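Protein chains in written order, with our numbering: chain S, 2 to 433; chain R, 2 to 433. Glycine included, every Cβ here is placed at the ideal spot set by N, Cα and C. Just so we're clear, the structure is a prediction, and the values are computed from it rather than from any experiment. One structure is given here, and the rest of the page talks about it.
There are 2 protein chains.
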Amino acid sequence: MPDENEKRNKHAIADDIMKRLSSEIEKRGIDADTVLVGSLARGTALKNSDVDIFIRFSRNYERAKMERAGLDLGFSIFPDATPKYAEHPYISSVVSGTKVDIVPCYRIEFNTPKISSVDRTPLHTQYMKERLTGKSIEEVILTKLFLRKQGIYGSELKTEGFSGYVCELLILHFGTFYNFMEQMSRLSGRLVIRDNVKEFHSPVVIIDPVDLSRNAGAAVSNDSLSVLKTASKFFLMFPSDDYFYYDENPGTEPVKHERGTYLLALVIERPDIIDDILFPQVHLTRKKLGEFAENMELPLLNIFDHVEEKTVTVLMEFASPSLPSIEKRTGPPAGNMNVVSFIEKHMNSPDFVRGPFVENGRIVIEVRRKITQFRDIFRNNLENINFGKNLNRLKPGASILDNQEEIRKSDAYRAFLSVKSPFLSARKDFKK
Amino acid sequence: MPDENEKRNKHAIADDIMKRLSSEIEKRGIDADTVLVGSLARGTALKNSDVDIFIRFSRNYERAKMERAGLDLGFSIFPDATPKYAEHPYISSVVSGTKVDIVPCYRIEFNTPKISSVDRTPLHTQYMKERLTGKSIEEVILTKLFLRKQGIYGSELKTEGFSGYVCELLILHFGTFYNFMEQMSRLSGRLVIRDNVKEFHSPVVIIDPVDLSRNAGAAVSNDSLSVLKTASKFFLMFPSDDYFYYDENPGTEPVKHERGTYLLALVIERPDIIDDILFPQVHLTRKKLGEFAENMELPLLNIFDHVEEKTVTVLMEFASPSLPSIEKRTGPPAGNMNVVSFIEKHMNSPDFVRGPFVENGRIVIEVRRKITQFRDIFRNNLENINFGKNLNRLKPGASILDNQEEIRKSDAYRAFLSVKSPFLSARKDFKK
């Protein structure tokens, strides 16, 4: 939690920038105003949070013109800032160690059509400022700290968790962090709040009061919700402050245990794209590699992705390194006319080994399997597996590594071994 | 097909025995008569068939008395014969190379309650003698030869195929062997003949005209029916005399092909019981071993039983010899209250390795797997796998062999590699 000093400093930074922006706006005769948004404005910020200032333009401005004017205003305050590109371009800078974003948007009213999703942000701030009291602000912060510890705080596609705004909506709905815990510990199935029209089907549905057509909880994955359900049970049974202290580098040594498995690593260059574009592709790659393994009936035990500064790795762990040199081909039921062509085809093939015979009412023939090593199966099929737009382009440089010793020394493998949800923060008597 | 000479000799043997039996019956003042039954009586016998003579007793005799008198009469003809035990005891002997059975039964009428199933046999003979003409007798013999070639002739529990009587019923129903082939080549699903009450659910239902409450086709397994469906298609597409010539020792060398698999062999002493009691237990043992492998998630490719003079072997072929040293334990969904005890139990276990984490909404924890070799998994669990009454008793002497070279030299393995349904008898242009 930020101390009073940190808060005061950040507000001073924000006030100064907004004052300078307002004077530039007036000087240029632009129909716009500035507004402090985000958790700092609502008092729900965690330590080291950003300062987010929005410039709200009249809807009379055309989009291109508004975006141009927004960037110009930003540069008038931070001439050396680099522009960034989200839905609108914006500028980002650092003041005394604090990240400051200056973002242009349109001024809209509650429940009116937005032009871009950032247009809603000032409304979120306004809505929360009117409703969050001193007590509930503390409950929001507890909620955020708890979720952060569990690795499910943040709506980025990397985390697939609960955004700060969702934490605030949860406290408005449940009243206190403790009640939120109680409800979550008993929740079975989806978490749905105020979805009267039952329009949404994602694991978490929390209707955005600022735009009733929007699900503010859309980013939360089922696994993130599952972590919440589990962690809340442990918290209530063994309550502890430890649930709110977060160590970014816990430095725990992964357990070394002879696993008796076979590892393959797909390693691909990390493309220069933002996380929200990269991570869905990394997850897609992992999913598609897993599906491929399943279709080929490979004994896949674990599949794990790991993104480093320059590389994306997908680790696959198997029960064995290869398939047998024979393969059973199961034909149609014996009553089907195609059994004749099935038998003729396979018995005339140079790969025929044994059969035909009948198993469970179907014709079975054994044929030779030409490619048996999982390594080779993946290498031969990489081009048919979809990695997503940007990763697909880098596929020609991808490699399938199978040097077991090298993989076991890699950071990806170390991260894989360390995977653990900190459900049990307070249970120091547990072995781990 | 037997030649005229063989038939004439067999009838002479039968006539002589029946004459001697009748005179003994008269001498002893017993209310009974003798009757030649089976395929010899109906003219539908294949080469080297048996002579079956039944002694039909009045139902006034008590069972024990009838059985005693039946054995006595048999011994009066063949003093050195050994008694055999089926539903009633009977005697079996060999005359000039032909096996002769003398079987006591009760005299019953069509569709009256039987006392034992052998009581029906004389009625089967009577029914068929009245209906099978010269032409249809030939069609029956073709049917038997065809089914024998495919390994599905005989209703013993070893074969699970079509009995001679069923072959006769099939020809009475379909008229000719060719029409039978045509119908079978188009059959999808079960083969049902005259089951107006739809009482039976087995793959083949052929109501016995002599006892309408009986399914004469009950012994036929789904796989035997599947072989028939497939073979009939090939016969019609590529008709050939080869479908009727049967070589008991085809002597084909099995294909030697590096299979890249791991073999286990369960070897158990063959108990001194008749085939109809032994084979269901062998099949049960194979089935239960297969189910056990499936429950343990072992990568079983093939499972095959082989009965020799002194041993019963079940061969199991796997994709690999062992499981990894880690095992993923999947707990309840995160919304379930038992997740807490699941996590506590596994994390406090000395076998804990990694986790907990969430996968597809469920808690997963990795634990150490203590026994990883399939060989040891089977050895440790043999006592929990049901082999059937007689084989269970011999389980203490059973062994699980895993010397790959020795298994590959065994007769069981050789038989396994030779497995092949002779659907394609005429297709000499096929590789096999």
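Residues of chain R with a CB under 7 angstroms from the CB of GLU295 of chain S: which are they? In chain order: nothing, as chain R lies at least about 13 angstroms away.
On a Cα-Cα basis, can you pick out the residue from R:PRO423, R:ASN337, R:HIS89, R:TYR128 that is closest to SER118 of chain R? R:HIS89
Given that GLY261 of chain R touches chain S, what residues does it touch there, using C-beta distances under 9 angstroms? SER323, LEU324, PRO325, SER326, ILE327, ARG370, THR373
Coil, strand or helix - ASN303 of chain S by DSSP: strand
Closest to LEU383 of chain S by C-alpha separation, out of S:ARG409, S:GLU292, S:ILE364, S:TYR179, would be which residue? S:GLU292
Using a Cβ-Cβ cut-off of less than 9 angstroms, give me the residues of the segment 343 to 364 of chain R that come near chain S, in sequence order. ILE344, GLU345, MET348, ASN349, SER350, PRO351, PHE353, VAL354, ARG355, GLY356, PRO357, PHE358, VAL359, GLU360, ASN361, GLY362, ARG363, ILE364
Kindly indicate which three-state DSSP category PRO333 of chain R falls into: helix, strand or coil? strand
What whole-angstrom Cβ distance do PHE58 of chain R and PRO123 of chain R have, given they're in contact under 8 angstroms? Contact flag wrong, Cβ pair sits at about 11 angstroms.
Name the chain S residues that come within less than 8 angstroms of MET238 of chain R, Cβ to Cβ? VAL341
Taking the C-alpha atoms as reference points, what is the distance between ILE401 of chain S and PRO357 of chain R? 28 angstroms
8 angstroms contact criterion, which ALA87 of chain R and SER156 of chain R should meet: CB distance rounded: So it is not a contact: roughly 14 angstroms between Cβ atoms.
Within 8 angstroms of any Cβ in chain S, is that where the Cβ of PHE424 of chain R sits? yes
Quick check on SER222 of chain S: buried or exposed, where buried means 16 or more other Cβ atoms within 10 Å of its Cβ? buried
Whole-angstrom distance between HIS307 of chain S and ILE116 of chain S, CA atom to CA atom: 35 angstroms
Can a CB atom of chain S be found closer than 8 angstroms to the CB of HIS89 of chain R? no
Opposite ARG355 of chain S in the DSSP bridges: which residues? S:GLU367
Per DSSP, which one or two residues make a beta bridge with LYS85 of chain S? S:TYR91
Keeping to the same chain, check which residues put their C-beta closer than 6 angstroms to that of ASN387 of chain S; ignore five residues upstream and five downstream. LYS289
Distance check for THR331 of chain R and ARG215 of chain R, CA to CA, integer angstroms please. 49 angstroms
Below-8 angstroms beta-carbon distance, PRO300 of chain R vs any chain S residue: yes
Quick check: what's the CA-CA separation for HIS125 of chain S versus GLU310 of chain S? 34 angstroms
By the DSSP assignment, the beta strand (DSSP E) with ASN216 of chain R in it spans what residues? 212 to 216
Mapping the DSSP letters down to three states, classify THR262 of chain S as helix, strand or coil. coil
For LEU395 of chain S, which residues from the same chain have a beta carbon less than 7 angstroms from its beta carbon, with the 5 sequence-adjacent residues on both sides left out? ILE269, GLU270, PRO272
Between which two residues does the alpha helix (DSSP H) harbouring LEU285 of chain R extend? 276 to 296
Contact between the segment 36 to 55 of chain S and the segment 144 to 162 of chain S is defined here as three or more beta-carbon pairs at a separation below 8 angstroms; is this criterion met? yes
Test item: CB-CB of THR99 of chain S and VAL52 of chain S under 8 angstroms: yes
Is the shortest distance between the beta-carbon of PHE520 of chain S and the beta-carbons of chain R less than 8 angstroms? Coverage of chain S is limited to positions 2 through 433, which leaves residue 520 of chain S absent and any answer about it impossible.
Which one or two residues does DSSP pair with GLU360 of chain R in a beta bridge? R:ARG363
Suppose the cutoff is 8 angstroms on Cβ atoms and the five residues either side in sequence are ignored; what does the same chain contact list for PRO300 of chain S look like? PHE319, ALA320, SER321
Cβ shell of LYS432 of chain S (< 7 angstroms), same chain only, five flanking positions each side left out: Confidence in LYS432 of chain S is poor, its pLDDT being 41 and thus under 50, which makes the residue's placement too unreliable to answer from.
At a Cβ threshold of 8 angstroms, is ASN223 of chain R touching chain S? yes
Using a Cβ cut-off of 8 angstroms, pull out every chain S residue sitting near PHE181 of chain R, in sequence order please. Per Cβ cutoff of 8 angstroms: no residues; PHE181 of chain R is ~15 angstroms from chain S at best.
Closest by CA to LYS329 of chain R, which one among S:THR160, S:ILE304, S:PRO334? S:ILE304
Under a three-way DSSP split, which group does ILE386 of chain R fall into? coil
Look up PRO397 of chain R in the DSSP assignment and say whether it is helix, strand or coil. helix
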